[in-house]
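Since the structure comes first, as structure tokens, the remarks are kept for the end.
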Amino acid sequence: MHHKLWILVFLAVSCQATFPFFNPITERLILTVTFEIQYYHNLIRPAAKLPTFRFSSPHKKRPAVIVFHAFTGRTEFDNGKARDLAKLGYVAFAADTYGKGKAAPDVPGNFAIMGQLLGNRTTILRNRIMSSWNYVKALPFVDTNRIGSIGFCFGGLCTLDLARFNVGLKAAVSFHGTLTDYPGNGTTIDASVQAHHGDEDPHTTNADADAFLVEMRRRNGDWDFTRYAHALHAFTLPGVENWGIPGAKFDPIASNRSWSAMEAFLAEKLL
Numbered sequence: 145m146h147h148k149l150w151i152l153v154f155l156a157v158s159c160q161a162t163f164p165f166f167n168p169i170t171e172r173l174i175l176t177v178t179f180e181i182q183y184y185h186n187l188i189r190p191a192a193k194l195p196t197f198r199f200s201s202p203h204k205k206r207p208a209v210i211v212f213h214a215f216t217g218r219t220e221f222d223n224g225k226a227r228d229l230a231k232l233g234y235v236a237f238a239a240d241t242y243g244k245g246k247a248a249p250d251v252p253g254n255f256a257i258m259g260q261l262l263g264n265r266t267t268i269l270r271n272r273i274m275s276s277w278n279y280v281k282a283l284p285f286v287d288t289n290r291i292g293s294i295g296f297c298f299g300g301l302c303t304l305d306l307a308r309f310n311v312g313l314k315a316a317v318s319f320h321g322t323l324t325d326y327p328g329n330g331t332t333i334d335a336s337v338q339a340h341h342g343d344e345d346p347h348t349t350n351a352d353a354d355a356f357l358v359e360m361r362r363r364n365g366d367w368d369f370t371r372y373a374h375a376l377h378a379f380t381l382p383g384v385e386n387w388g389i390p391g392a393k394f395d396p397i398a399s400n401r402s403w404s405a406m407e408a409f410l411a412e413k414l415l
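Position one of the sequence shown corresponds to residue 145 (my numbering), numbered consecutively onward.
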């Protein structure tokens, strides 16, 4: 029995982005490639041969950012965020920790899938997070010393856990993420961490936020934490207030401010 994890690979095309290490005249990159990897008893293998990438300057490896999705499973929202990151100069990967075809057609169904993974946080979910990390790190055009991750809601927990695993991640950014500490792991954190929290979030509360700051201090990490006035849960997800989830609402001010802060943070750490 196996489970499938899909990753979308986004690389900036020369006509769409210019950044410090990218020469738009001499270098051209493929825009979008989709490939699949499968889980076989916690091992991964490609389901299809990875396409060959050719660069005019192959010695210039790129920084990468992994995008972890919210409770919805991977959607066009996450793919769009990956494309936005590609335009900023990163190799961006939209990971699907639910697996191909696992997203439910409604909110309760997706909450059930998320609940199963959270119930197996130290086993199945950890393995899926690490599978994404290992695959990205092995890509020949990625600078393994400049890999970051971002995540939304449930994906915020995934990106923070990846930082907690101390595997060499450079930067982690959580948007309205679940902040609960990883059980049985009290190590220091080498990755720099940025977290964005809605001050009126009833799902991840201010008490949870305070406990997270205690954790970060205990782990002696490099972190910054921002609370957004009047912001509820899932404040970056347009239309979430229409999904029947109490205490969740899109907030354009918090969404824009947090994304801008992320851009500066990732540029400092990865570019």
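Just so you know, even glycine gets a beta-carbon here, dropped at the ideal spot from N, CA and C.
All values reported here derive from a predicted model rather than from experimental measurement.
Using three-state DSSP, classify residue i as helix, strand or coil.
i, result
"Thr267", "helix"
"Ala392", "strand"
Could you give the residue range of the beta strand (DSSP E) that holds residue i?
i, result
"Trp367", "366-372"
Is there a Cβ of chain D sitting closer than 8 Å to that of residue i, yes or no?
i, result
"Arg265", "In the structure shown, chain D cannot be found, because there is only a single protein chain."
Can you check the stretch 287-357 for any alpha helix (DSSP H) of at least 4 residues that lies completely inside it and give the ranges in chain order? 298-308
Give, in chain order, every unbroken run of the alpha helix (DSSP H) that is at least 4 residues long and sits entirely within the stretch 202-256. 220-231
Are the stretch 404-413 and the stretch 344-364 touching, with three or more C-beta to C-beta distances below 8 Å? no
So, do the stretch 335-353 and the stretch 371-383 have three or more beta carbon pairs nearer to each other than 8 Å? yes
Is it a yes or a no for the stretch 245-262 touching the stretch 220-231, going by three-plus beta-carbon pairs under 8 Å? no
Taking 8 Å as the threshold, find out whether the stretch 235-246 comes into contact with the stretch 314-323 through three or more Cβ pairs. no
Contact between the stretch 293-310 and the stretch 268-281 (3+ Cβ pairs under 8 Å): yes
Meets three-Cβ-pair contact criterion under 8 Å: the stretch 280-291 and the stretch 207-218: yes
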